[in-house]
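In order, the protein sequences belong to chains U and B. Take the first sequence: its position 356, counted from the start at 1, is 348 in the working numbering, and no numbers get skipped. Take the second sequence: its position 229, counted from the start at 1, is 221 in the working numbering, and no numbers get skipped. Heads up, the beta-carbon is just placed ideally off N, CA and C, and yes, glycines get one too.
Protein chains: 2
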Amino acid sequence: MARTYPLYPVIMAGGSGTRFWPLSRHLFPKQLLRIGGEHTLIQQTMRRVLGCAPAANVLISTNAAQADLIRGQLIDWKDELMDGFLLEPEGRNTAPAIALAAIEVLGRDPDGLMLVVPADHVVTGQRDFEAAVQLASQLAVERYLVTFGIKPIRPETGYGYIKPNDKMLLGKQGKLRGYRVQKFVEKPNATKAAQYLKAGQYFWNSGMFVWRAATIVEEIRRHQPAIATAMDRIRELKVTGASTQVIDDVYRAIKPVSIDSGVMEQSSKAAVVPVMFQWSDVGSWGSLDEVAEKNKAGNVVIGRVVDLESTRSIVYADRRVVATIGLHDMVVVDTPDATLVCPKARAQDVKKIVDILKQQQAPEHLEHLTVQRPWGSYTVLEEGPGFKVKRVTVNPGGRLSLQLHRQRSEHWVVIAGIARVTRGVEIFDLQVGQSAAIPMKTQHRLENPGKEIVHIIEVQNGPYLGEDDIVRFKDDYGRSVKREA
Amino acid sequence: MARTYPLYPVIMAGGSGTRFWPLSRHLFPKQLLRIGGEHTLIQQTMRRVLGCAPAANVLISTNAAQADLIRGQLIDWKDELMDGFLLEPEGRNTAPAIALAAIEVLGRDPDGLMLVVPADHVVTGQRDFEAAVQLASQLAVERYLVTFGIKPIRPETGYGYIKPNDKMLLGKQGKLRGYRVQKFVEKPNATKAAQYLKAGQYFWNSGMFVWRAATIVEEIRRHQPAIATAMDRIRELKVTGASTQVIDDVYRAIKPVSIDSGVMEQSSKAAVVPVMFQWSDVGSWGSLDEVAEKNKAGNVVIGRVVDLESTRSIVYADRRVVATIGLHDMVVVDTPDATLVCPKARAQDVKKIVDILKQQQAPEHLEHLTVQRPWGSYTVLEEGPGFKVKRVTVNPGGRLSLQLHRQRSEHWVVIAGIARVTRGVEIFDLQVGQSAAIPMKTQHRLENPGKEIVHIIEVQNGPYLGEDDIVRFKDDYGRSVKREA
Chain U
-7 MARTYPLYPV
3 IMAGGSGTRF
13 WPLSRHLFPK
23 QLLRIGGEHT
33 LIQQTMRRVL
43 GCAPAANVLI
53 STNAAQADLI
63 RGQLIDWKDE
73 LMDGFLLEPE
83 GRNTAPAIAL
93 AAIEVLGRDP
103 DGLMLVVPAD
113 HVVTGQRDFE
123 AAVQLASQLA
133 VERYLVTFGI
143 KPIRPETGYG
153 YIKPNDKMLL
163 GKQGKLRGYR
173 VQKFVEKPNA
183 TKAAQYLKAG
193 QYFWNSGMFV
203 WRAATIVEEI
213 RRHQPAIATA
223 MDRIRELKVT
233 GASTQVIDDV
243 YRAIKPVSID
253 SGVMEQSSKA
263 AVVPVMFQWS
273 DVGSWGSLDE
283 VAEKNKAGNV
293 VIGRVVDLES
303 TRSIVYADRR
313 VVATIGLHDM
323 VVVDTPDATL
333 VCPKARAQDV
343 KKIVDILKQQ
353 QAPEHLEHLT
363 VQRPWGSYTV
373 LEEGPGFKVK
383 RVTVNPGGRL
393 SLQLHRQRSE
403 HWVVIAGIAR
413 VTRGVEIFDL
423 QVGQSAAIPM
433 KTQHRLENPG
443 KEIVHIIEVQ
453 NGPYLGEDDI
463 VRFKDDYGRS
473 VKREA
Chain B
-7 MARTYPLYPV
3 IMAGGSGTRF
13 WPLSRHLFPK
23 QLLRIGGEHT
33 LIQQTMRRVL
43 GCAPAANVLI
53 STNAAQADLI
63 RGQLIDWKDE
73 LMDGFLLEPE
83 GRNTAPAIAL
93 AAIEVLGRDP
103 DGLMLVVPAD
113 HVVTGQRDFE
123 AAVQLASQLA
133 VERYLVTFGI
143 KPIRPETGYG
153 YIKPNDKMLL
163 GKQGKLRGYR
173 VQKFVEKPNA
183 TKAAQYLKAG
193 QYFWNSGMFV
203 WRAATIVEEI
213 RRHQPAIATA
223 MDRIRELKVT
233 GASTQVIDDV
243 YRAIKPVSID
253 SGVMEQSSKA
263 AVVPVMFQWS
273 DVGSWGSLDE
283 VAEKNKAGNV
293 VIGRVVDLES
303 TRSIVYADRR
313 VVATIGLHDM
323 VVVDTPDATL
333 VCPKARAQDV
343 KKIVDILKQQ
353 QAPEHLEHLT
363 VQRPWGSYTV
373 LEEGPGFKVK
383 RVTVNPGGRL
393 SLQLHRQRSE
403 HWVVIAGIAR
413 VTRGVEIFDL
423 QVGQSAAIPM
433 KTQHRLENPG
443 KEIVHIIEVQ
453 NGPYLGEDDI
463 VRFKDDYGRS
473 VKREA
């Protein structure tokens, strides 16, 4: 019987959320946006890899801060993904994250193949994608590190390029060919990029890979021994039952390095499959053009927009009306707490705006006014001296921790669903239009025993209204609780 | 003893609020904006005319929809302005409104002079303004219709021009001169405007006038007999104690005509005083440049703006952060429910946006999310199916009508001040952090017995949440109430 090489898709989902600000945030990265389809990018990615492997094989490489959000996104595969989350304590670029995933795959099957894909790219052409994965898998079995090469459609200076070695054909399937890599080229200047586009022998490095877990571990050991050593140490610590904190500290001590520069460009085993599918990393607002639907004037228009005579612009409206007149090649993005206006050509500089907001410790770089929680979400409607108003949603079956606040009282008015309230020793249900007052320092809990999402309006009063004024006594989601006497 | 000619300033305050959308609205016109100073334009105008006449002489020509707002603006002169409001039932351009004011002045003093000024212009140079009024008053006593001419600073095609007759000097004072008008020129094309600027003998028609009330009434009778007839009829009706509705119908039947084209351009008595003060009608976002403070890059920046390398642009942020990159000669205006982005050169077309919103019956053309009321204000924080959340403020001593709603219940949570609540037969006070539930169909009233503004959060629940679901039983502000059995 022939050996089988099962495929484990690894979705790289640890994005920083700066390029699509203000729609993306540090805690709400690009993969959570609906771009080029009805599903979010990470949902699209999940659906894409399911053409190649069962959901139980999928691994999600992310971090603790984003894990809850991503679980929410992939709720349809909740059971299959139970053990599929690999959490980095802190981002260390792609090489360490991939090493961690490779070890997980080896643990499941020493012959396992990995299909590494970023969570936030757009791919059009599912069949072509699957065909490319199939050919790449054949090469991967032969211990190649396979990357997918994208045919350039513009002289892009933001990507690395790959030149295949035409004389070293490694395999083929239909029209697809796999070659050894002749060379990797770092992001070129404009002149070089134009040459590459014209030459037709260079491909964009898409950041997607297929390889055997065993091969990438070997190659990491060869070219990034420090990472390999750290991984060995982490494995030992796990066996001896060390605390998460100790293990995380080892990971944190790794020097960040990308799989491209750290391994692929060093390795003699690099291969490339020039692919047929269409691809975009939607790396900035300017690149939305490649994947979003445009009107006759070439505008991408989303939401309540009133426009006069604009062309080739991107206008995104959330809840407000956005009026635009005579814009050309511009980006306008309007969200509940932040608005961006810039020429498309300057869209890369959005990162600088995010950096400034971060320096200012402005909340707008970090998260949206609507914040996702394991039990639902909350949206700050207004805040001012001594008060804060929120709309809180609780998912069916969800409940907040049993908690109290030392410095604020709260009023809850139900506007949808039936809310179950614990207040001190009482437990009671509130219908739409009913309310409850929760005095300061009183234990309380909000839960949704029904099948419809509960919405309440919460009015907080008190001298201090920070999220950290909370003492938790019980929690369904593993968040730290105060030990009761 | 010499006759005295007391001066009656007439502030024309009936603006339509389209040019500064989204900061101005149909029910929140430009005169309510703080432009070029710490006070609103109408407050600036009031202060300006008080250099020429006592507050008790000031007349405010406006309409019923805006009167409450303007009273609020001019609250410092509440007692003096008691009888100063002249309400048009509907706008009929300037000639009928001025005729109405002239009749009021004649009633107070047959020798009265009028100083007619728009409520929403910016004037810099109070002394020069007062000097111009003084010289103009001397000419007005001699039965001239005096207009103020502004020295052009650009080839403006949006204003009418006035050419003085240099050979007909009517009076002087210091460096100021008053002349007969040689000719009025309608808005010129760009070539003509450039010629006028170069010639130096043409002045912008500022829309400010000084004349005897008796003179303008005579001239209206001569050149606009239909208006004079309507005014005669209105006076008769007032004497016989006719209903407001009957009187208003006579006014509504007048054909709209401006004082410029309808009287000034026809009259042989027109005079002009070229003035020394700086003036701007701030007719659009583009003209804000003339009156607002600019930073080194030539940007007018208001609010929380994060900018990279923009020049000569206007960026207005309200509560949200607005990020701009590389904008040149652009206008960005961000308000709680509407955002505008356009090149300065297209700022005049904002009117077209407002027209579109009006056709769509979109609330954003009409008023802000914060709506002024005689007792305070309310702001819609969020609304959705079956619920609406408002922040309501009640001024010291203010109280809402005694009312009930047929289709909604309400919850009030006090977040500032002490609120007195009437609910059915109960009357009780709520402190900060306390709340009250108002069931559907229950008579209720909210008032502020204290000296601090009361703020409450109101959560409405019900199948219909329109402002018109209200039955009023008692009201302090003369709004219609249901006769109690």
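Beta-bridge partners of residue i, as assigned by DSSP
{"i": "K175(U)", "result": "K155(U)"}
{"i": "G376(B)", "result": "F379(B)"}
{"i": "Y308(B)", "result": "I294(B) and V325(B)"}
{"i": "L422(U)", "result": "A411(U)"}
{"i": "I345(U)", "result": "Note: I345(U) sits in no beta bridge, so no partner."}
{"i": "A185(B)", "result": "In the DSSP output, where bridge partners are listed per residue, A185(B) has none listed."}
{"i": "L527(B)", "result": "Limits of chain B in this structure are -7 at one end and 477 at the other, which puts residue 527(B) out of reach."}
Contact check, residue i vs residue j, beta carbons under 7 angstroms
{"i": "V283(U)", "j": "M200(U)", "result": "no"}
{"i": "D310(B)", "j": "L361(B)", "result": "no"}
{"i": "A9(U)", "j": "V114(U)", "result": "Per the sequence shown, the amino acid found at residue 9(U) is Gly instead of Ala. No."}
{"i": "G170(U)", "j": "V265(U)", "result": "yes"}
{"i": "V405(U)", "j": "S369(U)", "result": "no"}
{"i": "L358(U)", "j": "L19(U)", "result": "yes"}
{"i": "V307(B)", "j": "T316(B)", "result": "yes"}
{"i": "R244(B)", "j": "E82(B)", "result": "yes"}
{"i": "P1(U)", "j": "L107(U)", "result": "yes"}
{"i": "G43(B)", "j": "P21(B)", "result": "no"}
{"i": "A87(U)", "j": "G254(U)", "result": "yes"}
{"i": "V298(B)", "j": "I345(U)", "result": "yes"}
{"i": "G141(U)", "j": "F176(U)", "result": "no"}
{"i": "N85(B)", "j": "V249(B)", "result": "yes"}
Of the listed residues the options, nearest to residue i (C-alpha basis)
{"i": "V424(U)", "options": "V264(B), Q452(B), I410(B) and I407(B)", "result": "Q452(B)"}
{"i": "P441(U)", "options": "G389(U), E459(U), C44(U) and H397(U)", "result": "G389(U)"}
{"i": "A123(U)", "options": "T(-4)(U), R400(U), R40(U) and V323(U)", "result": "R40(U)"}
{"i": "R400(U)", "options": "E450(U), L373(U), V446(U) and Q353(U)", "result": "E450(U)"}
{"i": "L92(B)", "options": "M223(B), W196(B) and D281(B)", "result": "M223(B)"}
{"i": "V267(B)", "options": "L438(B), K143(B), A182(B) and S16(B)", "result": "K143(B)"}
{"i": "R437(U)", "options": "K443(U), A429(U) and E444(U)", "result": "A429(U)"}
{"i": "E459(B)", "options": "R398(B), H320(B) and A94(B)", "result": "R398(B)"}
{"i": "T183(B)", "options": "P147(B), A339(B), K167(B) and V249(B)", "result": "P147(B)"}
{"i": "K380(U)", "options": "H447(B), T414(B) and V238(B)", "result": "H447(B)"}
{"i": "I348(B)", "options": "A89(U), L300(U), W367(U) and N387(U)", "result": "L300(U)"}
{"i": "G378(U)", "options": "P377(B), T207(B), G409(B) and A354(B)", "result": "G409(B)"}
{"i": "V202(B)", "options": "D60(B), R11(B), P217(B) and M256(B)", "result": "M256(B)"}
{"i": "A45(B)", "options": "K159(B), Q351(B) and F121(B)", "result": "F121(B)"}
{"i": "R172(B)", "options": "Q118(B), G166(B), Q165(B) and P156(B)", "result": "P156(B)"}
Residues near residue i by beta carbon distance below 8 angstroms, same chain, minus five either side
{"i": "R213(U)", "result": "A220"}
{"i": "L66(B)", "result": "I34, Q35, M38, I52 and L73"}
{"i": "P14(B)", "result": "V325, T327, D329, A330, T331, L332 and E356"}
{"i": "A411(B)", "result": "V386, W404, D421, L422, L438, E439, N440, V446 and I448"}
Other residues of its chain near residue i: CB distance less than 7 angstroms, five sequence neighbours each side excluded
{"i": "A477(B)", "result": "Its pLDDT being 36, under 50, A477(B) is placed unreliably in this model, and the value from its coordinates should be taken loosely. For A477(B), where only same-chain residues beyond five positions count, there are no Cβ hits under 7 angstroms."}
{"i": "L131(U)", "result": "V138, L162, G163, G170 and A263"}
{"i": "G150(B)", "result": "K179 and G275"}
{"i": "N181(U)", "result": "T149"}
{"i": "A185(U)", "result": "P147, E148 and T149"}
Integer-rounded CB distance, given that residue j should sit under 8 angstroms from residue i
{"i": "A56(U)", "j": "L79(U)", "result": "5 angstroms"}
{"i": "R(-5)(U)", "j": "D101(U)", "result": "At roughly 11 angstroms, the Cβ-Cβ gap does not stay under 8 angstroms, so R(-5)(U) and D101(U) are not in contact."}
{"i": "G318(U)", "j": "R304(U)", "result": "Their Cβ separation, rounded to whole angstroms, is 12 angstroms, which puts G318(U) and R304(U) out of contact at 8 angstroms."}
{"i": "G64(U)", "j": "Q258(U)", "result": "Their Cβ separation, rounded to whole angstroms, is 38 angstroms, which puts G64(U) and Q258(U) out of contact at 8 angstroms."}
{"i": "E375(U)", "j": "R383(B)", "result": "Going by Cβ atoms, the distance from E375(U) to R383(B) rounds to 11 angstroms, so no, they are not a contact pair."}
{"i": "E211(B)", "j": "K261(B)", "result": "7 angstroms"}
{"i": "L168(B)", "j": "L127(B)", "result": "5 angstroms"}
{"i": "A337(B)", "j": "D321(B)", "result": "7 angstroms"}
heavy atom of the ligand ADP below 6 angstroms from residue i C-beta
{"i": "V97(U)", "result": "Of ligands this structure carries none, so the ligand ADP is not represented either."}
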